[in-house]
Structure formats: C-alpha cells, structure tokens
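**Q**
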Amino acid sequence: MRGTAAAVWLVRRLAAAVAIVFGVVTLTFVVIHLAPGSPFLPGPDRPVDPRVIAALVHRWGLDQPITTQYLRYLRGLLHGDFGFAFSQGITVAQALAAAIPNTLLLAATALVLDLGGGLFIGLLQAARARRTTDVALGNATLFIYSVPTFWLGLVLVFVFSIWLRWLPPTGTTTPGAYESLSFLGRIGDRLLHLILPACTLGLVGAAGTARFQRAALLETLGRDFIRTARAKGLAERRVLLVHALRNALLPFITLVGVSLPFLLTGSVLIEDVFSWPGMGRLATDAVLARDHSLVTAVAIVASTLVVTGSLVADLLYAVADPRIRAREAS
Amino acid sequence: MRLRASLSVLAVLTVALGCSRRGGCSGDYCGTVVFVTGNNPKSLLPAVIDNAGARDIVDQLFLKLADIGMSENTIGDADFVPELANRWEWDDPKTLVFHLDPRARWQDGVPVTANDVAFSFDAYRDPAVGAAAENALAKISSVTVRDSATAVFRFREHYPTAFYDAVYQMWILPQHLLAQVPRTDWLTAAFGQHPVGDGPYRFVSWVPGQTIELAADSTFFLGRPHLRHLIWKIVSGTAAALSSVVAGQADALEYLGSPANIEMARKAPQLTLYPYRGSSYAYLELNLRANGDSTRPHPVLGDREVRRALTMALDRKAIVASVFGTYAKVPPGPMPQFWSIWDSTIQTIPFDSAGAARLLGARGWRPGPDGIRVKDGQRLSVEIAVTSTSALRQQLARLIQAQWRAVGVDAQVQPLDQNLLLGRVAAGRFDAVFQGFNADPTPASGILQHWVRGAPDHYSHYQNDDFDRLVALAGSGSVTPAQSAADWRSAMNILNADAPGIWLAAPDNVAAISSRIAGVRIRPDSWWSQVWTWRIPADRLIDRDRAVR
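Protein chains in written order, with the numbering used here: chain D, 1 to 330; chain A, 1 to 549.
#1: Name the two residues that bound the continuous alpha helix (DSSP H) containing T284/D.
#2: What are the residues of the region 82 to 101 of chain D that lie near chain A, defined by any Cβ-Cβ distance shorter than 8 angstroms?
#3: Any beta carbon from chain D within less than 7 angstroms of S6/A's own beta carbon?
#4: Just by C-beta distance, which residues in the region 213 to 232 of chain A are closer than 7 angstroms to chain D?
#5: Tell me the rounded alpha-carbon separation between K617/A and F155/A.
#6: Leaving out five residues before and five after P322/D in sequence, what residues of the same chain have Cβ atoms less than 7 angstroms from its Cβ?
#7: Output yes if chain D places a C-beta closer than 7 angstroms to the C-beta of A318/A; else output no.
#8: Where L178/A and T113/A are concerned, what is the direct C-alpha to C-alpha distance, given to the nearest angstrom?
#9: For K233/A, name the three-state secondary structure that DSSP assigns.
#10: Residues of chain A with a CB under 7 angstroms from the CB of D272/D: which are they?
#11: Buried or exposed: where does T279/D fall if 16 or more other Cβ atoms within 10 Å of its Cβ makes it buried?
#12: Quick one, which of L253/A, N496/A, H99/A, D79/A has its alpha-carbon nearest W88/A's?
#13: For A411/A, which option in L422/A, F434/A, V425/A, Y168/A has the closest C-alpha, if you only look at C-alpha atoms?
#14: When you compare the CB of N287/A with every CB in chain E, is at least one pair closer than 7 angstroms?
#15: Closer than 8 angstroms, Cβ to any Cβ of chain A: which residues of the region 289 to 301 of chain D, in chain order?
#16: For the alpha helix (DSSP H) that contains G436/A, what are its first and last residues?
#17: Starting from N86/A, follow the alpha helix (DSSP H) in both directions and report where the run begins and ends.
#18: Which class does P261/D belong to by DSSP, given the choice of helix, strand or coil?
#19: On a Cα-Cα basis, can you pick out the residue from T174/D, N139/D, G205/D that is closest to S267/D?
#20: Quick one: using the 10 Å Cβ neighbour count with 16 as the cut-off for buried, is D291/D buried or exposed?
#21: Rounding to the nearest angstrom, what Cα-Cα distance links T32/A and D315/A in this structure?
#22: For the region 212 to 226 of chain D against the region 94 to 108 of chain D, are there 3 or more C-beta pairs whose distance is under 8 angstroms?
#23: Kindly provide the ranges of any beta strand (DSSP E) runs that are 3 or more residues long and lie completely inside the region 150 to 197 of chain A, ordered along the chain.
#24: Quick check on A252/A: does DSSP put it in helix, strand or coil?
#25: Who are N509/A's beta bridge partners in DSSP?
#26: Would you report the Cα separation of K64/A and Y168/A, rounded to the nearest angstrom?
#27: Are there 16 or more other CB atoms within 10 angstroms of the CB of F29/D, so buried, or fewer, so exposed?
#28: Residues in its own chain within less than 6 angstroms of D285/D by CB, not counting five upstream and five downstream?
#29: Does P168/D get closer than 7 angstroms to chain A when you measure Cβ to Cβ?
#30: Which chain D residues are close to T32/A, counting only those with a beta carbon under 9 angstroms from its beta carbon?
#31: How long is the line joining the alpha carbons of D134/D and F437/A, rounded to whole angstroms?
#32: Compute the Euclidean distance between the alpha carbons of T184/D and T172/D, then round it to the nearest angstrom.
#33: Look at the Cβ atom of P251/D, then the Cβ atom of A299/D, and state whether they are nearer than 7 angstroms.
#34: Per DSSP, R366/A forms a beta bridge with which residues?
#35: Could you tell me whether the Cβ of V246/A comes closer than 7 angstroms to any Cβ of chain D?
#36: Using the beta-carbon of each residue, which ones in chain A are nearer than 8 angstroms to G61/D?
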C-alpha cells in the first residue's frame, strides 16, 4: 500500500515536471519569436542586400505565422530534431552536445564547493558561535554573498591570471599544448582551467550555504536532545557532528535542490566572463543573435535539469525524513 | 596531515602537467601561434562568411586570384600580388584575362582550374547563396573559361578599381566539392565546417565555440609556411581576449581597443605592440526623415542648418581624446585612416559652440525654461541609439549628450542590443544612431553602401545630386587618378557641409603579438593575411612550438 502511494506520488511529480518543461518551451518559443530582431539581419561586416535577407528568412520559414512555426518545431522535437543553430553554424543538437558536458562539469564542481565549503564554514561558525572566528567568517561570507558574481570573477582573473599568472583566465584547455599532454596532463590542464570559474560560482554559493547552515545548526544546538546528549557526557565534537549536524541536514537537502537553478543561471554570467563554452555562453550568444531554435533548446535543457534537480531533492528529503514519507504516503 | 595531503595533490597536478610528450620539432618550420578572437565563425565556406573572424581563417585556407599589396592601393593592378593567377593582362579596357599558376592544387590533390574561377563568380553572384560580396561584383558581366588555366573577366564598364573588384572579394571555390551542394544550403553546408582549400594552411579541427586549428601545407606552391600550426581561440569578448593574450594563453590579438587595454598589454613582458593604420571608423548617423515615417522630414534633423549646428557644438577632438587618448583621429569624413581619400584639406565643420547656439537661435530654436531649446512648442530633443555591448560608444554618446546640453540640445542616450538596433535602423525608427564599420580598402564600397541615393544601407536618407554625381565621377574610368582624388575631395566637402552624419573617430589599430614571433607584417584591411610569412626563430621556440600532436 505504501509502495503504491509512493509510485502515485512519483508519477504525479513526473507529470508535473513534463508540464513545466512544456510550459517553459512554449513560453520561450513565443517570447523569443515576438522579440524584435532577426537571425539574418545584416551586420557591420555583412552588408547584405535586403532581398537576400528576405530570401533567407523565407527559406527557413521565419516569415510564417508563429503558430505554424511552433507546430513545426514541436513536430521536429518529437522526431528528436532541435533545428539549426544559425548563430553557431551547426545543428542545435551538435551545439548542445558540445556545451552540456562543460556546463555540467562546471556546475557539479561549483556545487561541491558550494555545499562542501558552505557546510564546513557553517559548522565552524556554529561551533565558534559569537566568537572572533564566527564574526570574521560571518562578515566574510556576507561580503562574498553581496558581491555580484561576474565582478568576483573579474577580480579573480585580474589577481590570479594577469597579476600572479598562476591560472588561465579563459577556456577549458590550453590551446596548442593540450593535445600534446599525456592523459594525466590533460586532466591537470582541465582542472587548472576549471579552478577560477568553479571557485567564482562556488564561493558565492558557499557563502549563502554557510549562513543558512550556521542558522540551522544554532537552532538545533538549542534543542532538548542536544542538552541530553551533552548531559550524557558526550564530547562536544560528537554532539556537533553526529547529533546536531544530522538533524540540521534536512533543510540542507532542500538547499541542494534550489542550488541547481542558481548554478545554471549563475553560469550564464560566469561562462561569459571566463569564456567557458557551456550552455550559459551558448544561451547568451543565441539570445543576442535571435537564434530561435537554440534559445528554445537551451530552455528545454535548463528547465529539465532544474525540474530533475528539484525532484531528486524531494526524493532525498523523503528518504531522509520518515515524517515526510508518511505524509506523502497518506 | 592535511597540509601533506594538499601538497601531494599539488605535486600530482604539477607532475601531470609536466607529462607532455616532448616534441622533436626544431628548426625553421616549427611554431604554433594562438590567435584570440571574439568572433565566433558560423561557417568557413568563403562565400557565406559574415564576420572578420571567419575572414581571418578563410584567408589562410583559400586563395584569391591576386590580393591587394601592403600599399592598399586599389587603383589599377600594379600594387596587387599574384596568388592563384601568376599573371594577367587586359585584352581591352573591359576584358581582363587571368592565367592560373599550374602548380596550384586543392588540398585533396585536384588541380585548381579556370572552371573553379567561373564557378566561384557564378556562386558569389547567386542570390540563393547570400554572399556579402554579391553587390561588389555587379560591374562584372561574365567570367568565362578560355582553357583550363585561363579565366576571362568581362566588365560592364571600364573603371579604376575594376581589378580590385575582380579579385578582392572572391576567394576561389572548389567546384568539384561544391557543385552538388544546393546553393540554398550553403549557409549550413558540411563543407563550411570541414573546408578543403588551396591556401597555405589546411583545416584540422573545429571545436564549436572554443578553437579552430589549421596546419601548414608543406607543399604550398607559393612557399612553405614557417608556422606549423595556427589556432584560433574563441572567447566571449574584448576583455576575455585581452586577458588571454596578457596571461600568455594566446599569442596574438589584432585590436586592443581602449588606451587602458593598450597600456595593460604594453606591460606584459612577452608581448610586442604593433600599431598600424586603422580600418574602422565611427560616426553618429542622423536620420533626415521622421523617426518611423520616411515620408516626412525629421522635425529637427531634417533641417540642414540644425545638423550643422549640432556638429559645430561638438568639440570632437576633445571627445575622441577623452575616449581613445592618442589612439584615434577625428576623420575628415566617413572614412578610416587607411583609405587613400583621407585628406587633411577636406573642409570640415569646426568646433564653435557659440556659433552653434547662434545658428540654432536663427532657426527659431529658443532656450526654454529648463535650458533646452524649443520651437513651436517642440523641444530640441534627439534620441541617440547605441549598441548596449559597446562601452566605448556609450562613453562617446554620453560626452555628446553633455556637450549638446551646453547649447540647449536634449540628447537621450538609448542603449539597445545589437540585433534590436539593426532592426530599428533598417526600419528607419531612429533619430541618431552610432555606427561603426570595418571598411574595405576602397572608398567606393563604403560610400556607395551608405550615402548615395538608393544605397543598400541608405539609413540617413541623405540626398544630394551633386554629391552623387561626384562620387560616380570619382569612380569612373574616364578620369585620371589625380582627378579622381579631386572628385572624392569635392564630394566629401559637400557631404560635410550637409552634415548627414557627425564623424567622430577613426582609431589607430594596435595589435599585441608574442615577441617570439619574427617577420610580423600586418595589412590594415585583413590583419592576419600575411601570417604565412611569419616565423619563429629556432632559439625562441617554446614547448608549444615544438610539441608534436
């Protein structure tokens, strides 16, 4: 009985996820098509005759009513055809295939820094509550959290790439050298390129997570069961790490779910600052170029990732907290 | 313990990075040069390229029949350099015959023939292809094949830049690889992603949005290129490009931009700066017709005297110095520094704010209660559209706004995204717009593109029969080069007097290039066209240059 209820809940959530993604696709398609501009406008380096532009618009069906274009797009989607990315000169599928792994790598690394760093700092602050360490870390995290992400990125580039010359400022690999590196060398090269963008994205997230985690831990540390644990003579480290942290982790799991959209939206700016060839940079280029197919496809992928992240967080929450399992089952 | 672990990770990383396969390349034909660019090419099929970044790469992959020399002289054929054609002659003033170099080969081994030349001309002129050069080839009536090594160009008329038109805009295309591809599909053709050319470099790889790599063709018939590999690193903009080159990730950036950028590059010990004549110019284009209604004159800018007053009100030298430092000049017309018609004797409207105020007053524009002039209840207000991604242009716009304000003109600066701005300008929905162009070497193309009646980009709606006549005369084959120069000067005097635009800046270009590269020559119209003659002396090679891939 409990298993059936869980399955129903899961199916309901999946159906909602599909509906959300469909809604995002429709909204994005309509908005980008209604936005003024065209993928075929003549540019400063392309003084093309307006008749040629008109022919291109007709050739790609952009002069048809938006409903016709939308239905054609949906038909294509059903056949796995995302269309052609005019701003990239390749198919949308090829553009996404090149960009998604880079964004996932960046987002995953930043997520580890965000959650791991945030958890550690929050723990440290809670353990040293209202002491110098707590105040110093509190101010530091508040400062980093208040700083615009792209500004932090630019500062890190200036310090670590231009001034100290320790880390590469752009890209994912060292052009001209990467191909000649050994397997380990290639991994090292990629890691070096990953440090600045991942730290920029992860630091801001970690600052927020730390403040959140500190508050959750302090609240837990004031509860009766913690007093009981201390009365039993348990070491403070054990009280903190085993009893308090475990109970303060529930809201942390929710944070994991909401961190994913933050990382994806944050990566739009960060990928631009570090010329990181992921979905964020692809989306920026596509929007500026009015690349309808690519913008819509990026929205599909991003919304799918966010909805999936949220679903996974809900599942983890249910696994971690028996009360939630019971509530969902009923 | 933790410190030991951290040090171990660092050590592994260091060892890993050191684990390159040490290459054995040494001598005069090694070297990998990394160019950094903010332009992301969409295709490398020459007929459909649409930005300077793609052009730079296509220049290495494909040849023209001949190319313009370092003098940038577009008149006649004396200053052109043979490429696919090893010689040419004029059968009569309207018939030009090219003889192809018999050594020329496509990189798949097929010889380059006159059929390729005729095929290329036909393709560039085909509206289905959408080539940017289509209009530039309009004065050529036909290209025919006399024999496999001889192509004959026939012109509709004789004119001074006929040879330039025949060769400059058209990279020759391989008929055997493209004839079967429908021309409506050239924009998306696979050939554009894996091109086969006939130039000094062959295509190796393209990682979308990241890098494009070329390798030297050691059998190139005009001489083996010294640099073994060329890589274009694609970044998101000028700031990222600058940081790449300053940090040593890239070797060459063709345009540094602002004085602050130039100073930053100057401080990088591994870079040498190369100033060269600028190929771009920026100006404020004024719409002489009402915003959004081209049937009516613009209530403010339709008046020639008001336009002159607006020009007069601006201390353009001070504005340009404020934004570009010493790295730009105020042009004497809509022209870059490297055009032959750049002439300090052209008459321009001088800075005279008192005179501007008098002129506006004389046209009935009287100061209102807030200092902004008013005429018949209408405020003297102009909206300046500017692309939101250009900090330099926005800075220029703010300075103009401040100086106009001093004579009672209200300027509203409207930053718009490039696509939206282009759409508005094409539809005539603007008062004034910041324009900036990278120009061809010939003034004929730029002026004819924008300022004569019926021009494709005739956004200002400027019309003056005398100007049109002089421009036509300057490009006519019936006048001498000296007379042509005089006609251009007279045409510019008329354009300046009518003030359909306010010419603001013609920047000097400064490139930053790794000091280990020797023999650097930069042609202003096509920065990297001479790269195949650059080299890295053996004693300056770094690991990247020696590495074997």
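Ideal Cβ positions, reconstructed from N, Cα and C, are used throughout, including at glycine.
All values reported here derive from a predicted model rather than from experimental measurement.
**A** Inspection of the coordinates gives the following:
#1: 279 to 288
#2: F84, F86, S87, Q88, G89, I90, Q94, A95, A98, A99
#3: Unreliable placement is indicated for S6/A, whose pLDDT of 49 sits below 50; no coordinate value is reported for it.
#4: H229, I231
#5: This structure gives no information on residue 617/A, because the portion of chain A shown stretches from 1 to 549.
#6: none
#7: no
#8: 14 angstroms
#9: strand
#10: S236
#11: A quick correction: the sequence has Met, not Thr, at residue 279/D. So M279/D ends up on the buried side.
#12: H99/A
#13: F434/A
#14: Judged by its chain identifiers, the structure shown contains no chain E, and its protein chains are D and A.
#15: A289, R290
#16: It is not in any alpha helix (DSSP H) - G436/A instead sits in the beta strand (DSSP E) that spans 432 to 438.
#17: First-last for N86/A: 85 to 92, but that is the beta strand (DSSP E), not the alpha helix (DSSP H).
#18: helix
#19: G205/D
#20: buried
#21: 46 angstroms
#22: no
#23: 150 to 155
#24: strand
#25: Y276/A
#26: 7 angstroms
#27: buried
#28: S87
#29: yes
#30: P175, G176, A177
#31: 56 angstroms
#32: First, the amino acid is wrong: residue 184/D is Leu here, not Thr. Taking the straight line joining both Cα atoms gives about 15 angstroms.
#33: no
#34: V374/A
#35: yes
#36: In chain order: nothing, as chain A lies at least about 13 angstroms away.
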